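Numbering (this note's numbering), first residue to last: 5 to 151. To start, the structure itself, in structure tokens.
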Ligand SMILES: [Zn+2]
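Next comes the structure, spelled out in structure tokens:
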């Protein structure tokens with residue numbers, strides 16, 4: 005287990021790994037090849053070297069972990085970007101919705117004002133028609149409009 009020398013965290017990112025030539029064993033099967041690695045602490049970002057007395061299989065595991073970490077990092081970057089784009093889109097849509105609501109409200113008020121004006125005009129015209137009818141029926145003997 006590799007731990008950070010500064011804060012003791014075990015969550016470390018793998019940076020680099022190579023065989024430590026000085027202590028390389030003559031193991032023909034290459035089972036116990038000591039390795040030197042550079043790691044970065046995920047907690048405090050300290051970079052440090054550590055010897056990894058591991059079998060080749062474990063070295064492969066470290067490489068796999070490295071690949072997984074990179075994949076996860078990529079996925080996380082993608083996710084962050086997607087979230088950022090979505091957030092911007094939502095903000096844009098919300099501001100557009102606000103603008104549209106304001107516009108609808110303005111149009112509604114304009115339409116209402118026009119209805120009020122038209123109602124006034126129609127009422128006035130009705131009264132004029134009524135006045136004309138009264139005028140005609142009192143001045144004219146011809147009962148032209150009786151209904
Ligand atoms: Zn640390």
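Ideal placement from N, C-alpha and C gives every residue a C-beta, glycine not left out. Please read all numbers here as calculations on a predicted model, not as lab measurements.
Residues lining ligand 1 by the Cβ criterion, that is a Cβ closer than 6 Å to any of its heavy atoms, are 8, 10, 11, 13, 45, 47, 48, 50 in chain order. Proximity to residue 65 across 115, 18, 11, 129 peaks at 18, based on C-alpha coordinates.
Looking at 136, 15, 100, 111, the one whose alpha-carbon comes closest to that of residue 48 is 15. In the displayed model, residue 113 falls within a helix according to three-state DSSP. Note that the C-beta distance between residue 55 and residue 44 is not below 8 Å. Between residue 42 and residue 10, the C-beta gap is not smaller than 8 Å, which leaves the two residues out of contact.
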